[in-house]
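Take the position in the sequence shown, starting the count at 1, then add 3; the result is the number in our numbering. As structure tokens, the structure follows; a few thoughts come after it.
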Amino acid sequence: MSQSDTLLIVIRSAPHDGIRLRESLDVLLVGAAFGRSVVPLFMGQGVLALLPDQKPGAPGQKPTLPIIQMLEMYDIDTLYLSDDDAKAQGLAPTDFVTGARMLDAGQIQALLHDARHVLTF
Numbered sequence: 004m005s006q007s008d009t010l011l012i013v014i015r016s017a018p019h020d021g022i023r024l025r026e027s028l029d030v031l032l033v034g035a036a037f038g039r040s041v042v043p044l045f046m047g048q049g050v051l052a053l054l055p056d057q058k059p060g061a062p063g064q065k066p067t068l069p070i071i072q073m074l075e076m077y078d079i080d081t082l083y084l085s086d087d088d089a090k091a092q093g094l095a096p097t098d099f100v101t102g103a104r105m106l107d108a109g110q111i112q113a114l115l116h117d118a119r120h121v122l123t124f
């Protein structure tokens, strides 16, 4: 089977869990800026990054929500997230930012299978 030329970025880091979330968003932006097809998949505590009412983190830690909202300018219109992980956090589809799309386990498996490259943060 052929794989698309997609770079799938799996984001498992919570918004205030160090710099991994910010680094994953930087990879998304760089990939998109160089014309790559990049797809973000938020899993585990990473789904919390898609909540619209985030509070500032530790002193000196820059917020990530403005970067997430800026992804659309880089033609990253859909933000995929795990339905199971969102439900485990007690969250519903309406709790997330615009453009967030919940995927079930089978859809996530297909997304992982179809991507040529996968990076996990």
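Ideal placement from N, C-alpha and C gives every residue a C-beta, glycine not left out.
DSSP beta-bridge partners of residue i
i, result
"L11", "V42, V121"
"L106", "S85"
Separation of residue j from residue i, as counted between CA atoms
i, j, result
"P43", "L53", "11 angstroms"
"H19", "S7", "32 angstroms"
"G93", "T9", "31 angstroms"
"S27", "S16", "9 angstroms"
"Q112", "F45", "13 angstroms"
"T123", "D56", "25 angstroms"
"A89", "A108", "12 angstroms"
"I70", "A118", "23 angstroms"
"M105", "G34", "23 angstroms"
"S5", "L115", "Only weak support is given to the placement of S5: the predicted model assigns it a pLDDT of 45, under 50, and the value that follows is read from those uncertain coordinates. Near 13 angstroms, if we compare the C-alpha coordinates of L115 and S5."
"I14", "V30", "11 angstroms"
"L68", "L51", "10 angstroms"
"F99", "Y77", "20 angstroms"
"R25", "A95", "24 angstroms"
"E75", "A91", "27 angstroms"
"V121", "T97", "28 angstroms"
Nearest to residue i (by Cα), restricted to the options the options
i, options, result
"I12", "Q72, L84, E75", "L84"
"G21", "K65, D117, A36", "K65"
"G47", "E75, L74, G38, D87", "D87"
"R23", "A36, T81, G49, Q72", "G49"
Residue i - containing alpha helix (DSSP H), residue span
i, result
"P96", "Element bounds for P96: n/a, residue is neither H nor E."
"E26", "23–36"
"M73", "68–73"
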